[in-house]
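Just below is one structure, and these are the notes that go with it.
Residue numbers (my numbering): 2 to 317.
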């Protein structure tokens, strides 16, 4: 799957040097973004039947924001945020980071999963962008980062990241995606909260612009076109409220020097497409059901399990 120019209004703002992405002109950043949202709908698109239960006012599965949690204290994310570098692989990094958070939730252990396997072995365009659901149509089992590490290679002055030998059907791995669902249409703040509580961190699609690239801290107020192009994949790890302003917490793939140690708090006033308000027929959110295969029983299996073809890289 695939998931944010110059009016930035902060409730609070911390000065820090611009990140690599904040220094790039628009024509340079475009190849690093995901492909434009495909003009098709997947057969398992769905509206999730959200329940508006009594839920905490703030929650984060990752980062420094966990100190505001009413109960949860575990950090479901690895401290070092992924950095895609000069590769338009945000769709792969978003999926790998969601898998890592789900694995920690199931096992209470940290395990980084391979972005490179996703780039090499899924039905996407490698470093030229992709779409997370296209990954899940061809991959079901995922190997670790240690087994299949991320690389960025320069050939004749051009950056490339595709170095696969052969993607074959075969062995099972530590984590398995047993099902996934997409959310279409408008989604409210309360529904995002319920989705996070019931399913954990999820992938979101957003419009990436200069405001997002130059972000360095505080609550980010985005100002997007009436119908923004969804061109960047991130993961949503939490939500909160400050001075009556509601926001979501995202984890990006631009390294720890970007934003708040790789994270951002984005105002609900404009989520640049992620909330589906400006899109009525396209999926903007993807959430997963996962299993850890070494456990003696299956976890988080749902009755309408959607089986996708297994294809994994092995013998690296």
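Ideal Cβ positions, reconstructed from N, Cα and C, are used throughout, including at glycine.
Determine the extent of the alpha helix (DSSP H) in which residue i is found, giving its start and end residues.
| i | result |
| --- | --- |
| residue 92 | 91-108 |
| residue 68 | Taken as a continuous stretch (DSSP letters only), residue 68 belongs to no alpha helix (DSSP H), as it is neither H nor E. |
| residue 85 | No alpha helix (DSSP H) contains residue 85, which DSSP labels as neither H nor E. |
Out of the options, which has the shortest C-alpha to C-alpha gap to residue i?
| i | options | result |
| --- | --- | --- |
| residue 64 | 86, 236, 292 and 245 | 236 |
| residue 1 | 265, 260 and 68 | Examination of residue 1 is not possible in this model, given that the chain is present from 2 through 317 alone. |
| residue 258 | 152, 218, 137 and 191 | 218 |
| residue 188 | 60, 79 and 276 | 276 |
| residue 89 | 126, 118 and 103 | 126 |
| residue 149 | 122, 262, 130 and 136 | 122 |
| residue 285 | 116, 222, 238 and 206 | 206 |
| residue 1 | 223, 212 and 240 | As shown, the chain starts at 2 and ends at 317. That puts residue 1 outside it, with no answer to give. |
| residue 253 | 175, 184, 98 and 145 | 98 |
| residue 227 | 271, 109 and 120 | 271 |
Ordered along the chain, which non-local residues of its own chain (more than five positions away) have a Cβ less than 6 Å from that of residue i?
| i | result |
| --- | --- |
| residue 57 | 71 |
| residue 190 | 247 and 269 |
| residue 278 | 187 |
| residue 129 | 89 |
| residue 229 | 208, 273 and 274 |
In terms of DSSP beta bridges, what is residue i paired with?
| i | result |
| --- | --- |
| residue 236 | 204 and 252 |
| residue 242 | 247 |
| residue 75 | Bridge partners of residue 75: none, in fact. |
| residue 134 | Residue 134 pairs with nothing; no bridge assigned. |
| residue 142 | 177 |
| residue 60 | 240 |
| residue 285 | Answer is none; residue 285 lacks a bridge partner. |
Could you give the residue range of the beta strand (DSSP E) that holds residue i?
| i | result |
| --- | --- |
| residue 266 | 264-268 |
| residue 176 | 176-185 |
Excluding five sequence neighbours on each side, which residues of the same chain lie with their C-beta closer than 7 Å to the C-beta of residue i?
| i | result |
| --- | --- |
| residue 106 | 77 and 201 |
| residue 24 | Any reading at residue 24 needs caution, since the residue's pLDDT is 38, under 50, leaving its predicted position unreliable; the model's value is listed next. Excluding positions up to five away in sequence, the list is empty. |
| residue 95 | 2, 4, 133, 204, 234, 235, 236 and 254 |
Work out the CA separation of residue j and residue i for me, nearest whole Å.
| i | j | result |
| --- | --- | --- |
| residue 203 | residue 287 | 6 Å |
| residue 84 | residue 255 | 4 Å |
| residue 263 | residue 134 | 24 Å |
| residue 67 | residue 59 | 9 Å |
| residue 152 | residue 177 | 24 Å |
| residue 169 | residue 115 | Confidence in residue 169 is poor, its pLDDT being 44 and thus under 50, which makes the residue's placement too unreliable to answer from. |
| residue 220 | residue 143 | 34 Å |
| residue 82 | residue 224 | 26 Å |
Just to confirm my understanding: we take residue i, look at its own chain, exclude 5 residues before and 5 after, and list those with CB closer than 8 Å. What are they?
| i | result |
| --- | --- |
| residue 102 | 62, 63, 77, 78, 201, 202, 236 and 238 |
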